[in-house]
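Novice: Before I ask anything, here is the structure I am working with.
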């Protein structure tokens, strides 16, 4: 390795500049001990902890507000049968609630699709998918910083839908399978 005089000189000058800054900072701290916090680096343990807490609380509050908002909208629903309600405030069928889950359907679901949509939504209740999604949301709030958890949440949601479709399809004959697929495409 060939080291020129310029390289040696530049390293020497940089070293002197750093030493001068350190000496100046030490002198300032010695003269003003009450202001030592200004010269410290950011304490990353606490900073990342604060950031994690703020974002997790934000996500939790957002989840609660979304839940309460949806609950308010669904209060205007019209009961149909046991746990089935119709609403103008939703665009697709859904299961809502924890202890006693209810099925909510938009008025746009036609009579031909109704049976298959109900089979699908009741399968979600039977499989307790609404509870799984609740805990998945809790995990997402705790691990919001991990992109793999976001990916896992997305894949879980897709797998829940596919598994529910597959469970319903197993109970249908060939003609009903065709009608089921058509009903899902219309929703």
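Residue numbers (our numbering): 28 to 214. Every residue gets a Cβ at the ideal spot worked out from N, C-alpha and C, and that includes glycine.
So, with DSSP's three-state summary, where would you put residue 125?
Specialist: The residue labelled residue 125 in the question sits at position 98 within the chain shown. Three-state DSSP puts residue 125 in coil, outside helix and strand.
Novice: Is the separation between the beta-carbon of residue 125 and that of residue 158 shorter than 8 Å?
Specialist: Position 98 of the chain shown holds residue 125. Position 131 of the chain shown holds residue 158. Yes; because the gap between Cβ atoms is below 8 Å, this pair is in contact.
Novice: What are the start and end residues of each continuous alpha helix (DSSP H) run of 4 or more residues lying completely inside the region 67 to 116, in chain order?
Specialist: Qualifying alpha helix (DSSP H) stretches, in chain order: 71 to 101.
Novice: Between the alpha carbons of residue 115 and residue 134, how many angstroms are there, rounded?
Specialist: Counting from one through the chain shown, the residue named residue 115 turns up at place 88. Counting from one through the chain shown, the residue named residue 134 turns up at place 107. The alpha-carbon atoms of residue 115 and residue 134 are separated by roughly 6 Å.
Novice: Put residue 174 into one of helix, strand or coil per three-state DSSP.
Specialist: For the purposes of this step, residue 174 is taken as residue 147 along the chain shown, with counting starting at 1. Looking at residue 174 - three-state DSSP - the assignment turns out to be helix.
Novice: Which residue from 128, 84, 152, 81 puts its Cα closest to that of residue 190?
Specialist: Residue 190 sits at position 163 when you count from the first residue of the chain shown. Among 128, 84, 152, 81, the Cα nearest to that of residue 190 is on 152.
Novice: For residue 156, count the other beta carbons within 10 Å of its own beta carbon; 16 or more makes it buried, fewer makes it exposed. Which is it?
Specialist: On the chain shown, position 129 is the one that residue 156 refers to. With 16 or more Cβ atoms within 10 Å of its Cβ, residue 156 is classed as buried.
Novice: By Cβ distance, which residues of its chain are closer than 7 Å to residue 146, with the 5 residues on each side in sequence left out?
Specialist: Stepping through the chain shown from its first residue, residue 146 is reached at position 119. Excluding positions up to five away in sequence, the list reads 195.
Novice: So if DSSP puts residue 132 in a beta bridge, which residue, or which two residues, is it bridged to?
Specialist: Your numbering for residue 132 matches position 105 in the chain shown. The partner list for residue 132 (beta bridge, DSSP) reads 113.
Novice: Compute the Euclidean distance between the alpha carbons of residue 117 and residue 123, then round it to the nearest angstrom.
Specialist: Counted from its first residue, the chain shown places residue 117 at position 90. Counted from its first residue, the chain shown places residue 123 at position 96. If I take the Cα positions, the gap works out to 12 Å.
Novice: In this structure, does DSSP put residue 197 in helix, strand or coil?
Specialist: If you number the chain shown from 1, residue 197 lands on position 170. Coil, per DSSP.
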